[in-house]
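Sequence positions in the sequence shown follow our numbering and run 22 to 110.
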Amino acid sequence: MKMIFFKGTPESRYWGIAGQLSSDLLKDEFDKVVERLAAMEAILADTHDYESLDKIISSYKYQNFEKMQELKKSVYMELAGQLIYRVSE
22 MKMIFFKGTP
32 ESRYWGIAGQ
42 LSSDLLKDEF
52 DKVVERLAAM
62 EAILADTHDY
72 ESLDKIISSY
82 KYQNFEKMQE
92 LKKSVYMELA
102 GQLIYRVSE
């Protein structure tokens, strides 16, 4: 399996790696992301009601656009690293 890790954006690198993996492995990794998202929602719900979460998150993304873009790149790289680690096991 030939993989190119250092070309393109973090998002394109992630999807390039993901496109070469088995669907079972991708489903397992996606489940981990959903579980993490659910935990983050639960943490936010401790201080806000569930109905307000989408509005709070949208407002935060808008007010912190550049920070969110950098964080998004970082998360894509983290997820790509996790995929590479799983393949190497």
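Each residue gets a CB set at the ideal place from its N, CA and C atoms; glycine is no exception.
For clarity, every value in this text was computed on a predicted model and none was experimentally measured.
Going by other Cβ atoms of all chains shown within 10 Å of its Cβ, with 16 needed for buried, is Arg-34 buried or exposed? Taking the first residue of the sequence shown as 1, we reach residue 34 at position 13. Counting Cβ neighbours within 10 Å, Arg-34 comes out buried, since at least 16 surround it.
Suppose the cutoff is 7 Å on Cβ atoms and the five residues either side in sequence are ignored; what does the same chain contact list for Met-98 look like? The count along the sequence shown starts at 1 and reaches residue 98 at position 77. Answer for Met-98: Pro-31, listed in chain order.
What is the rounded straight-line gap between the Cα of Phe-37 and the Cα of Asp-52? Here residue 37 corresponds to residue number 16 of the sequence shown, with the count starting at 1. Here residue 52 corresponds to residue number 31 of the sequence shown, with the count starting at 1. Reading off the sequence shown, one finds Gly at residue 37, where the question assumed Phe. Each residue's alpha carbon lies about 19 Å from the other.
Whole-Å CB distance - Leu-92 paired with Ala-39, under 8 Å assumed: On the sequence shown, position 71 is the one that residue 92 refers to. On the sequence shown, position 18 is the one that residue 39 refers to. In this structure, Leu-92 and Ala-39 do not form a Cβ contact; the two beta carbons are roughly 20 Å apart against a cut-off of 8 Å.
Runs of alpha helix (DSSP H) wholly within the stretch 54 to 94 (minimum 4 residues, chain order): Runs of the alpha helix (DSSP H) inside the stretch 54 to 94: 74 to 84.
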